[in-house]
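In my numbering, the protein residues as written are 6 to 241.
All C-beta atoms, glycine included, are put in the ideal place defined by N, C-alpha and C.
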């Protein structure tokens, strides 16, 4: 009889505990669905893991809509049309630096000798708000005119973009112009105030073909033999 009473008591306790856990789960779900950011501590094998944040889609959509509204007012075409005479003035160069450490390296994934990757870092001297982005436009001088080498790029801390340089050979350098400005200032750009214009030359040396290397080696060998024979004749 005592065993039956003990068993009944344990069963009753388990039922009550299950109800409490169920109610707690429902409360937690309600909190997650009704708050923007909830930090929830997780545990695994007795060790607390880093908290993660749950974002509500409605708030994310609202934030995205705000950013899209700002982007809609900006147009690269309109900027080029408005500031073309300044952007493409060959005599213009700026002292201000929004980007620095510009690197131009061949794209190792491409077999085209003219395919390159351009990378640049935002300068420490750039006076920007933490959420302010920069626009980078890259042009190449072709037939005495500047043409976009790639689509304009937007960035915050660094830039990385691929380009195809058309000019090959040491006597045919690529004249590249970098134009950089804060996106928020596109309606009122002024050189050395909120506009950087930097020019660079990049020379691409075409790799030698296998036959050309053999031909050069044979020529060097021929010259060496001629030199040796001349020395022998002089000694006689």
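Whole-angstrom C-beta distance between residue j and residue i, which should lie under 8 angstroms
i: residue 164; j: residue 196; result: 21 angstroms between Cβ atoms; not a contact.
i: residue 183; j: residue 143; result: 6 angstroms
i: residue 81; j: residue 107; result: Wrong, their Cβ atoms sit about 20 angstroms apart, outside the cutoff.
Close beta carbons around residue i, own chain, < 8 angstroms, minus the five adjacent residues each side
i: residue 191; result: 79, 84 and 140
i: residue 207; result: 109, 121, 170, 178, 179 and 181
i: residue 211; result: 118, 173 and 174
i: residue 188; result: 79, 137, 138, 139, 140 and 159
i: residue 167; result: 112, 120, 121, 122, 123 and 155
i: residue 150; result: 93
Reduced DSSP category for residue i - H, G, I as helix; E, B as strand; rest coil
i: residue 93; result: coil
i: residue 46; result: In this prediction, residue 46 has a pLDDT of 37, which is less than 50 and means its spatial position is unreliable; what the coordinates show is noted afterwards. Coil, per DSSP.
i: residue 121; result: strand
i: residue 85; result: helix
i: residue 108; result: strand
i: residue 193; result: coil
Residue from the options with nearest C-alpha to residue i
i: residue 129; options: 162, 119 and 87; result: 162
i: residue 92; options: 145, 124 and 167; result: 145
i: residue 131; options: 94, 176, 100 and 204; result: 100
Own chain partners of residue i with C-beta closer than 6 angstroms, once the 5 adjacent residues on each side are dropped
i: residue 185; result: 103, 104, 139, 141 and 201
i: residue 33; result: Residue confidence is low: residue 33 scores 42 on pLDDT, short of 50, so the model does not pin down where it sits. Its coordinate-derived value is still stated next. Around residue 33: no qualifying Cβ.
i: residue 204; result: 182
i: residue 157; result: 81, 140 and 142
i: residue 198; result: none
i: residue 135; result: none
Proximal residues to residue i (C-beta, below 7 angstroms), its chain only, five neighbours per side dropped
i: residue 88; result: 194
i: residue 97; result: 91, 196 and 202
i: residue 152; result: 144 and 145
i: residue 116; result: none
Segments of 3+ residues assigned as beta strand (DSSP E) that fall wholly inside the stretch 137-168: List check, beta strand (DSSP E) in window: 139-147, 150-153 and 158-160.
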